[in-house]
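For our numbering, add 33 to where a residue sits in the sequence shown, where the first one is 1. Report on the following structure.
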Amino acid sequence: MSGQVAHEKRKQEILEKALDVFIEEGYADTTFQKIAERCGITRTILYLYFDNKKQIFGESIKRFLASLEAEIALIAQDQNLMSGEKILKISEILVEACERESKMLSVVMDYLLRLKASGGSPDEKVRRRTVRMRHILADIVIEGKKRGEFKESSSVKGTVEMFFALVEAAVFRLVVLGRKEAAGLQEALSPFVDNMLSPTFERNRE
């Protein structure tokens with residue numbers, strides 16, 4: 034194994050363990066020392082991989098989102114699914130991920146509130162982190178319109194915004210309201226998708 038490959042492998046291991054520390058301790062109480070101890074290394078060694086706690090947190094979240102994006106991309110590429118089915122399937126995956134990772138979302142919420150308090154833009158940060166997911170969803174809507182499944186009047190931007198409003202609602206229910214699940218939110222998207230469907234396309238399928 035080359036030095037570069039070994040370095041990257043260790044970096045990914047650190048990110049995985051660091052995320053556990055953030056979830057257990059919260060963003061504010063997580064320190065470089067606690068992350069180093071969890072990884073079984075010294076702070077000096079940890080500095081060889083990362084400059085500060087903020088960088089570790091950002092890359093940990095990026096790593097988590099990358100795995101979700103890969104799963105979503107597979108659905109988007111599935112030729113056996115209609116475009117509307119893809120949107121509903123992706124919504125199911127994301128809401129379930131929110132339920133499964135509610136503790137991590139609490140840490141993210143804490144981080145975003147601190148960012149806002151310091152004059153930063155949480156909205157810009159979230160949009161930057163989810164830009165690939167937004168592009169995948171936009172491509173699905175465009176695909177549906179091109180093959181006549183969706184009405185020509187279906188808004189690409191509106192559909193993407195509606196979809197992420199659903200995800201934001203799930204986060205609010207789980208983190209702020211403290212619910213254990215966000216059941217029902219996927220179903221709320223179904224009438225919206227149904228309204229996008231072209232009646233002509235449906236008749237052709239029948």
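Even glycine gets a Cβ: it sits at the ideal position worked out from N, Cα and C.
The secondary-structure analysis by DSSP pairs Phe183 across a beta bridge with Leu230.
Inter-residue distance for Gly91 and Ser188 is about 32 Å (C-alpha atoms, whole angstroms).
Assignment of Ser93 by DSSP, reduced to helix, strand and coil, places it in the helix class. Under the three-state reduction of DSSP, Thr75 is assigned to coil, being neither helix nor strand. If you compare the alpha carbons of Ser124, Gly181, Leu230 and Pro155 with that of Ala198, the shortest gap goes to Ser124. Annotation: the continuous alpha helix (DSSP H) that includes Leu48 extends over Gly36 to Glu58. One alpha carbon belongs to Val140, the other to Thr75, and they sit about 25 Å apart. Fully contained in the stretch 156–180 are the following alpha helix (DSSP H) runs of length 4 or more, in chain order: 164–179. Burial of Gln219 is indicated by the presence of at least 16 other C-beta atoms within 10 angstroms of its C-beta.
Distance check between Glu185 and each of Arg147, Ile89, Leu101 and Asn228 places Asn228 closest, using alpha-carbon atoms only. Looking at Leu98, Glu58 and Lys87, the one whose alpha-carbon comes closest to that of Arg162 is Leu98.
Rounded to whole angstroms, Leu170 and Lys119 show a C-alpha spacing of 9 Å.
In the three-state DSSP reduction, Gly191 falls in the helix class (H, G or I). Restricting attention to Glu58, Ala221, Glu70 and Glu176, the CA atom closest to the CA of Leu114 is found in Glu176. Here Ala51 has Ile68, Ile89 and Ser93 as same chain residues with Cβ atoms under 6 Å from its own Cβ, once five neighbours each way along the sequence are excluded. Looking at the backbone, the Cα of Gln110 and that of Leu230 are separated by about 20 Å. Shown here, Ala61 sits in coil according to DSSP, grouped into three states, outside any helix or strand. The beta carbon of Leu222 sits closer than 8 Å to the beta carbons of Ile120, Leu121, Ser124, Met195, Phe196 and Leu199 from its chain, once the five residues preceding and following it are set aside; these are given in chain order.
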